[in-house]
Amino acid sequence: MINIKDLYKTYSNNLVLKGLNLEVKRGEILVILGRSGVGKSVLLKHIIGIEKPDSGKVEIDGVDITNLPFTDLYKHIKNMGMLFQGAALFDSMNIEQNTGFYLEHNLDPTSKKKLNKKEIKEKVASALQMVGLEDAKEKMPSDLSGGMKKRAALARLIAYRPKILLYDEPTTGLDPITSNQINELIVKTQNELGGTSIIVTHDIHSAWYVADRIAMHRDGKIIYIDTPEEFIKIDDPDIAYLKKTLTNFERGR
């Protein structure tokens, strides 16, 4: 599905990705754990084509997208969606308009046709209902709490049903109850869309609840990857510490 091979990336003489290798399986939720500032978000930007590596490659369904011109790149990333850490809602649009923005300006990825206003409205209503924001559709982003903004951003993804979903620190800055709600929505969205999800986070509780597999990103590389149950058995001081902080062993997958 997604293959990342020997990826290197430098910023101002700071080597962030150091020959990173990763294979993501179709239909899974892969969570990448790591400390803040190790390059987890940088990795997502390479997968979606926002950043170009110094060397190495990113393959989507067997196609190397690393150096494609934008018109060719777009063909391979148009079925991707990303939930940014700050939600990235348009401040001048209400929640309904934000949710329908992609469909207003692009073909529907499922039907491969331009939807009319009624069809878009129906998809938006369904997406907002799924995340519990059907009564907030006329609110502006400035009226929403942090958790509601994350849910609104997730509704925008659900509306156009991407096949690959990327989540950048989805629970950062949220209280424990709201974080749990976001985790449940991630699993619900995965079950609804049947896509492939990659989540970067430093939240072990979120990783444990949503993941099919967990990877550890350290020193610019993926050093471990396994199922949650096997991951926390790995003999490593960081993983041992994370295991100690894990108080709820309930799994959503």
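828 is the number of the first residue of the sequence shown in my numbering; add one for each residue after it. Backbone N, C-alpha and C define an ideal beta-carbon position, used for all residues, glycine too.
In terms of residues, what are the limits of the beta strand (DSSP E) holding residue 1045?
1040-1045
Inter-stretch contact at 8 Å, needing at least 3 Cβ pairs: the segment 828-848 / the segment 1010-1020:
no
Neighbourhood of residue 1000 by C-beta, 8 Å cutoff - its chain only, sequence neighbours within 5 removed
973
I'd like to confirm something about residue 970: is its beta-carbon nearer than 7 Å to some heavy atom of the ligand GDP, or not?
Among the ligands in the structure shown, none appear at all, so the ligand GDP cannot be discussed.
Alpha-carbon spacing of residue 842 relative to residue 890, whole angstroms:
26 Å
Quick one: Cα of residue 996 to Cα of residue 868, how far?
8 Å
Going straight from the alpha carbon of residue 937 to that of residue 1002, what length do you get?
35 Å
Check residue 841 in the structure and name its three-state DSSP category.
strand
I need the straight-line Cα distance from residue 992 to residue 911, nearest angstrom please.
11 Å
For residue 1073 and residue 941, the rounded distance between their alpha carbons
46 Å
Closest to residue 1077 by C-alpha separation, out of 1037, 1063, 1053 and 1066, would be which residue?
1037
Along the beta strand (DSSP E) that carries residue 1060, what are the first and last residues, could you check?
It is not in any beta strand (DSSP E) - residue 1060 carries neither H nor E in the DSSP assignment.
Since residue 882 is in the beta strand (DSSP E), which residue starts that stretch and which ends it?
882-887
I'd like to check one pair, residue 1005 with residue 1033: are the Cβ atoms closer than 8 Å?
no
Using the DSSP secondary-structure output, state which residues sit across from residue 858 in a beta bridge.
1026 and 1041
Bridge partners for residue 829 per DSSP, in chain order?
851 and 887
Going by DSSP in three states, residue 975 sits in which element: helix, strand or coil?
helix
Taking the alpha helix (DSSP H) that residue 927 falls in, what are its first and last residues?
922-932
Buried or exposed (CB count within 10 angstroms, at least 16 for buried), residue 898:
exposed
Skipping 5 residues on each side, what residues in its chain have a beta carbon closer than 6 Å to that of residue 994?
910 and 1026
Buried versus exposed, by CB contacts within 10 Å (16 or more), residue 944:
exposed
Short of 6 Å in beta carbon distance, which residues of its chain neighbour residue 950, apart from the five on each side in sequence? Order them along the chain.
986
The alpha helix (DSSP H) with residue 879 in it runs from where to where?
No alpha helix (DSSP H) contains residue 879, which DSSP labels as neither H nor E.
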